[in-house]
Every structure is written in C-alpha cells, then in structure tokens.
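Trainee: Sequences listed follow chains A and B, in order. So my numbering is basically just the index in the first sequence, starting at one, shifted up by 276. So my numbering is basically just the index in the second sequence, starting at one, shifted up by 654. To start, I am sharing the structure in question, which I have written as structure tokens.
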Amino acid sequence: MSEQAVAAPSAALRVERWSPVSAVFTALLVAAMALLAFAPMLFGQGMLDNLIQLYFLVILAIMWNALAGYGGLVSVGQQAFIGIGAYAVVFLSVEHSLNPYLAMLLATLIGGGIAIPLAAIVLWLRGGAFAIGMWVVAEVFALLVSLDAALGGGTGTSAVLAFNLRYTPEQRLRNTYWFALAAAALLLAILFALLRGRLGVSLQAIRDNEDAAASLGVHVLLGKGVLFVLAGAGCTAAGAVILAWQLSILPLGPDSIFGVNWTAKMIFMVLVGGLGTFEGPIIGAVVLYLLETYTSTRLGVWYLVLLGGIAIGVALFMPRGIWGSLQERFNVRLLPVGYRLRGAGGGR
Amino acid sequence: MSWVNAVIHGILLGGFYALLATGLSLMFGVMRIINLAHGSLALVGAYMTFLVVEHVHVSTYLGLLPVLAGALVVGYLLQRTMLERSLRAGELVPLLTTFGLLIAIANLLQYFFSPDVRGLSAGGIGTANWRVSGSLTIPWFDVLVLGIAIVVLGGLQLLLRYTQLGRELRATAADPDTVELLGVNARAVYGRAAAIAVATAALAGVFYAMRSNFDPSTGPTQLIYAFEAVVIGGIGSLWGTLVGGIVLGVAQTVGARIDVQYFALAGHLVFLAVLTFRAIRQSVGLRVLRRVEA
C-alpha cells in the first residue's frame, strides 16, 4: 500500500447515502407510481385485475421483509392479519353497511390496533418460538371467525352485496385498484422513512446482536414493536384488498384467507428477491406474480411444492436472493436506506 | 362426573402430545433448531405405515417397524444435508428451510395420496374400554399411548444420562466447537440427534393416525400442538414436555366438554395465557431490575 493512500483516506473515501443513480431511480419510481394512478383510464379490466394482485403481493412482501429482514422476526402467522383485514371489511360493510372502501381503511387501522397488545405478548418470544407463536395467533383468529355464524362460520362469506349495492363491477375494480396502489405506495414510503431514521440504525444493531444492542441503550422491544405494528397494519390492508379482489373468502384450511399458504408466498417472495434488502421483495413479488399468473393453474399441487423447494434452494445456495446478489456485484443501491463507503474511483 | 371424564381423557391425550413433542424438544435442545416440518414428518411416517400395511397386509404395529428404521435414516440425512447447511447460513435460516419443507411435504402427500381422509387400524385395543363407572370410561388405547410416551421420554432421559451417545449429545449441545477439539464429530452427533427426533416423530404420527383420521393437510396442526406442549412445559425440559402435553390435553378436552367446537381453541387460549403470564412476569422482572440499578 502506498504512503499516499494511507495519508489521505478521507479524501479518497467518502460515506454516502444518495448517489446520482439512486436519486434518479427514486425520482423515476415516484413518477412511475404517480403514472400508475392513471392506469384505469388506459388499461382494460383484465390488466387492472392483474395489477391489483401484484400490488397486494408487493405489500405482503415488503411487510414480511420488514419483520424478517430488518427486525429478525420470522413470522409464519402473518396470515392472521390478512384474515383480520378481510373479515373486518365484511363485518363493517356487510353487517354494518358501511361504504366498503371506508371499511377497508378502518380495517387497516383495526389491524394495526390489534397488533399493539399482541406485540407485548409475542415479542418476548425469540426465533422459532416467535414464528410458531404467531401461527397459533392466526389459528385462534381463524377459529374465532369460524365460530361466528354472522360472519358465515366455517363455510366462509362474501362481500359481493356490499360492493354491488354501491358500485358497478367496473367501478369496484377501479376503486380497488386505487386503494391497492395507494396502500402499496404509502407503506413503501413509511417503511423507507422509518428505516432511514433512528429506527433503521437501532434495528441494524438489534439484528446484529440483540443483547449487545440492549446494553448500549437501544430499546429492543420498541424497535421490534414499531415494525410489528406496521407489518400488522400492512398485512391487514393487503387482506382488505384481497377481499375486494376475490370477494368471497373461507376461514379454515391452508388455502383460505387465514391459510398458511400466504406465509409460503411471503417467504418465497422475500427470499427470492433478497431478504433484508429494500428493493428485493418488490422483485420477488413480480416473480411470484408471473409464476402465479402463468404456471399455477397448470402445475396444480406442484406449484406449492415448487415454491417450497425454491425457497429452500435460495435460502441455502443464494441467501442474498436476486437483488442482494446484484447489489453485491454492482454495488448499487436504488432506494438507499443505509450508508455505504465509496472509494474515489467509485469502487468499493 | 363427565367433567372428571374430560380431565382424565385430557391427561391421556397429553401423553400423545408429549410423544409428538419429544422430537421437537430434542432437536431444539441439541441443535437450537425449531423444526417447522416436525408435524409433516410425523404425517409422512403415518402415510408410509399406511403403505406398508396396505401392501404387506400386516398389523399397524408390525408395519411401524420398517418405517421407524427408515425414519432414523431420513432424520440423519435431513440433518447432514439440509439442516447442517441451514445452521451454517444463520440462526433464522433453519426456520425458512424447514418451512419450505413443510409446504413441499403437504403438497407432495396430496399429490401421491390424494386429499382423501384415511385411517390406520389400532387393532382390538383401539375400541377396548375400561368401564370404571356409568359415566367414566377409559380407552385402553389412550393408556397405551401415554405409556409409550413415558417409555420414550424415560428412555431418552436414560440415553442422555448414561450412554456415550448421550454424553456426546449433551456436550455438543453445550458447546459444539469445544467438543470438536476433544475429537467428537459434532456434525455426526447432530445427525444422530435428528435421526432420533424424526423416528419419534414418525412413531407419534402413526399413533396419531390410529387415534383419528388424517389427511395431507393435518401436519401443521400436529406441529402446533407439539410446539404448544413444549412451550407450556418449558423449553428444553423433557419431563416438562409431558407436563405441557397434559396441560394442553386437559385444556382441549375440557374445552370440548363445554362445546365440541372449542377443542382446539381452548388449547390455543391456554397456550397464549401462559405466554402472556410469562411476558408480564418478565417485564415486571425487568422493571424491578432497573429500579434496583437506579
């Protein structure tokens, strides 16, 4: 190593968050999202239907990644909130004849509200105990709903009437599209802001070593709690969108609204896209969306075998996922939530 | 009197949950892995026994033997291939890979065996009852399962305490790196622990299939019950698992006594109540500690 390089490291290296690439990309993304708001005027119904599906998958992926990738909390019970979202909308709009979109908004808040006391109980659990503990929570909500005859009991329910009373099918599709897009954009923005602030730093400390972080004064439970409540509200919003999208739901079974297959999809999206990267889960959501649209009916049960198998393979052989691997190779951040050190030549 | 009946049936059911939970508890104790595919592996044991019984025309108890031998091999290989790699990749990775396995197993079973509900014959003992009084009957089969659970738990306890393998298991659980320095192959020890764990899972799966009907989607439910038994009893204690299983079983049968639909719900609620109690105790404990420090 030459003397010059040792003498002047501060001139050669700099810590940066924004780079020209990421600034341009973020601006483009915001512009693209704004443009997508006009999609109902441009595309047909089939396309809107597909995009709604993509948006709720994106919400589920970024929320599960917020928990696992940033909070170190692997949950196999986030379907609890998906089900709560869907059933809260049924409860408010079918039983209490509220406007279904107002009901979807309120449902999201209810989901976040339920997550607060729940966090106080389940966040004491660590690792696998938290994972299955959340699954029990999902089962409890599913059983409670299936015991309530007014919500359709074990045979499920439908919100067709609540929507059809006020909207034509075209209007429903358009409004649901806007709701899903707004929810996805808002949740992305909130998570982005949270992770760039104080919480992001403390979460990184917790992820690296929980006990050491606590001893340095990081409020571990609060940090995890904020993520848990955000992810709870986010998955509830996704559940509300799913109800508005498929209209009828079932409470019990792996494929139902409270079903564990949702977790399989979330894990798949996050692992394939890149666990713990901000951009990765969005890519994972696109991959799952394409698989679901073009192969799931042809593959039958093999579809879920494939999802499980790919998740295992990626976890073992490509732990950074698609985006993490690209990031490592090209050293780019498109939506920067961390800092990085750059040499004068633009290398690492 | 029927309440007494419910409690006694719950205690016996607890024996089954303890048997189901043994492998989960062992793998967590030795390798710090919570195997999310535990219930699914139990179910695979049931299906394999079903195949043997169908094709060789033997009783379930005989058909179980080759399946147990197979389960030992499967457990060992599972650890040496997938789980070993998962452990090296990070503390949370085993959760992700075993969850992937759970999903894959459930859907593979559905493909090969169809979603139909099946059952395994428990022989004459399956329907034999001991009539204690007019309203109190004790099914012999449940007594048998409780007995087997106690034998398996006790046997495991003796194995851990008095055999060379047991000493290696305990030492490796405490510190795998140091054990390697002493000439023990920690990975092989982990493999043997997983072999025992999967074999007990398969055993429990077959008894599950004899006591009730099963289909490809019931694996996760068994995992959840096993896990609840482990947590209620206190993670890491084998006899605690028996206590946890009994608490869970009694909660379920007493819940079902109120209304049949409350069977699973009552168990979950007792589990969550135990968690809440511990969370409060822990947070109160922390507050007391802080006050002492200040």
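Think of the CB as a built atom: it goes at the ideal place given N, C-alpha and C, for glycine as much as any other residue. Since we're looking at a predicted model, the values are computed, not measured.
Could you please give me the residues that DSSP links to Ser625 (chain A) through a beta bridge?
Mentor: The question about residue 625 (chain A) has no answer, for chain A in this structure spans 277 to 624.
Trainee: Could you check whether the Cβ of Tyr570 (chain A) sits closer than 9 Å to any Cβ belonging to chain B?
Mentor: no
Trainee: With DSSP as the reference, label Val282 (chain A) as helix, strand or coil.
Mentor: Per-residue confidence for Val282 (chain A) stands at a pLDDT of 45, beneath the threshold of 50, marking its modelled position as unreliable; no derived number is given.
Trainee: So which of B:Leu943, B:Pro769 and B:Ile804 has the shortest CA-CA distance to Leu673 (chain B)?
Mentor: B:Ile804
Trainee: Span of the beta strand (DSSP E) holding Thr791 (chain B)?
Mentor: Thr791 to Pro793
Trainee: Would you please verify whether the beta carbon of Pro748 (chain B) is less than 9 Å from any beta carbon of chain A?
Mentor: yes
Trainee: Here's a check: name, in chain order, each residue in its chain whose Cβ is nearer than 6 Å to the Cβ of Pro285 (chain A), leaving out the five neighbours to either side.
Mentor: Because Pro285 (chain A) sits at a pLDDT of 49, beneath the cut-off of 50, its placement in the model cannot be relied upon, and the following sentence gives the value as read from the coordinates. Answer for Pro285 (chain A): no residue qualifies.
Trainee: Do the region 503-518 of chain A and the region 383-400 of chain A make contact, defined as three or more Cβ pairs closer than 8 Å?
Mentor: Yes, since at least three Cβ pairs between the region 503-518 of chain A and the region 383-400 of chain A fall closer than 8 Å, the two stretches touch.
Trainee: Closest to Phe881 (chain B) by C-alpha separation, out of B:Gly777, B:Ala725 and B:Ile688, would be which residue?
Mentor: B:Ile688
Trainee: Are the C-beta atoms of Asn761 (chain B) and some chain D residue less than 9 Å apart?
Mentor: Any reference to chain D falls outside this structure, whose protein chains are A and B.
Trainee: Determine the contact status of Glu568 (chain A) and Leu611 (chain A), defining contact as a CB-CB distance below 9 Å.
Mentor: no
Trainee: Residues in the same chain with beta-carbon distance under 7 Å from Ile328 (chain A), minus the five sequence neighbours each way, listed in chain order, please.
Mentor: Excluding residues up to 5 positions away in sequence, Thr452, Tyr453, Ala456, Val517 and Trp521 lie with their Cβ nearer than 7 Å to the Cβ of Ile328 (chain A) in the same chain.
Trainee: Any contact between the region 868-883 of chain B and the region 713-731 of chain B? By contact I mean 3 or more CB pairs, one from each, below 8 Å.
Mentor: no
Trainee: Taking the Cβ atom as the reference point for each residue, do Ala337 (chain A) and Gly499 (chain A) lie within a distance shorter than 9 Å?
Mentor: no
Trainee: Only counting the same chain, and skipping five residues up and downstream in sequence, which positions put a Cβ closer than 8 Å to that of Leu896 (chain B)?
Mentor: Gly668, Gly669, Ala672, Ala803, Ile804, Leu807 and Gly887
Trainee: Does Ala723 (chain B) have its Cβ less than 9 Å from a Cβ in chain A?
Mentor: no
Trainee: When the Cα atoms are used, what is the spatial distance from Met545 (chain A) to Phe704 (chain B)?
Mentor: When only Cα atoms are considered, Met545 (chain A) and Phe704 (chain B) end up about 36 Å apart.
Trainee: In whole angstroms, what is the alpha-carbon distance linking Thr302 (chain A) and Ala310 (chain A)?
Mentor: 12 Å
Trainee: Beta carbons nearer than 9 Å to chain B: which residues of the region 320-334 of chain A have them?
Mentor: Here the close residues number zero.
Trainee: Mind pulling the chain A residues with CB within less than 8 Å of Pro830 (chain B)?
Mentor: Those within 8 Å of Pro830 (chain B) in chain A number zero; the least Cβ separation is about 17 Å.
Trainee: Applying the 10 Å Cβ sphere with the 16-neighbour rule, what's the burial state of Arg944 (chain B)?
Mentor: Label assigned to Arg944 (chain B): exposed.
Trainee: Quick check: is the beta carbon of Ser685 (chain B) nearer than 9 Å to any beta carbon in chain A?
Mentor: According to the sequence shown, residue 685 (chain B) is Met rather than Ser. Closer than 9 Å: no.
Trainee: Looking only at its chain, what residues have a beta carbon closer than 8 Å to the beta carbon of Phe861 (chain B), apart from the 5 residues adjacent to it on each side?
Mentor: Phe670, Leu673, Val799 and Ile802, listed in sequence order.
Trainee: Since Glu745 (chain B) is in the beta strand (DSSP E), which residue starts that stretch and which ends it?
Mentor: Counting along the chain, Glu745 (chain B) falls outside any beta strand (DSSP E), and DSSP gives it neither H nor E.
Trainee: Between Val505 (chain A) and chain B, is any beta-carbon pair separated by less than 9 Å?
Mentor: no
Trainee: What are the partner residues of Asn783 (chain B), as DSSP defines its beta bridges?
Mentor: According to DSSP, Asn783 (chain B) bridges with B:Pro793.
Trainee: Taking just the CA atoms, how far does Ser789 (chain B) sit from Tyr570 (chain A)?
Mentor: 59 Å
Trainee: Could you check if Arg742 (chain B) is buried or exposed, using at least 16 other CB atoms within 10 Å of its CB as the buried criterion?
Mentor: exposed
Trainee: Beta carbons nearer than 9 Å to chain B: which residues of the region 413-429 of chain A have them?
Mentor: Val413, Glu415, Val416, Leu419, Leu420, Ser422 and Leu423
Trainee: Given Tyr377 (chain A), which residues of its chain have a CB within under 7 Å of its CB, disregarding the five upstream and five downstream residues?
Mentor: Asn451 and Phe455
Trainee: In whole angstroms, what is the alpha-carbon distance linking Ala849 (chain B) and Gly890 (chain B)?
Mentor: 18 Å
Trainee: Is it buried or exposed, Pro769 (chain B), if we count other Cβ atoms within 10 angstroms and call 16 or more buried?
Mentor: exposed
Trainee: Where Leu479 (chain A) and Asn485 (chain A) are concerned, what is the direct C-alpha to C-alpha distance, given to the nearest angstrom?
Mentor: Answer to the nearest angstrom: the Cα atoms are 10 Å apart.
Trainee: Assuming contact is defined by CB atoms lying nearer than 9 Å, are Ala514 (chain A) and Phe332 (chain A) in contact in what I supplied?
Mentor: yes
Trainee: Look at the Cβ atom of Pro874 (chain B), then the Cβ atom of Gln764 (chain B), and state whether they are nearer than 9 Å.
Mentor: no
Trainee: Do you know offhand how far Val797 (chain B)'s Cα is from Phe917 (chain B)'s?
Mentor: For Val797 (chain B) and Phe917 (chain B), the distance between alpha carbons rounds to 20 Å.
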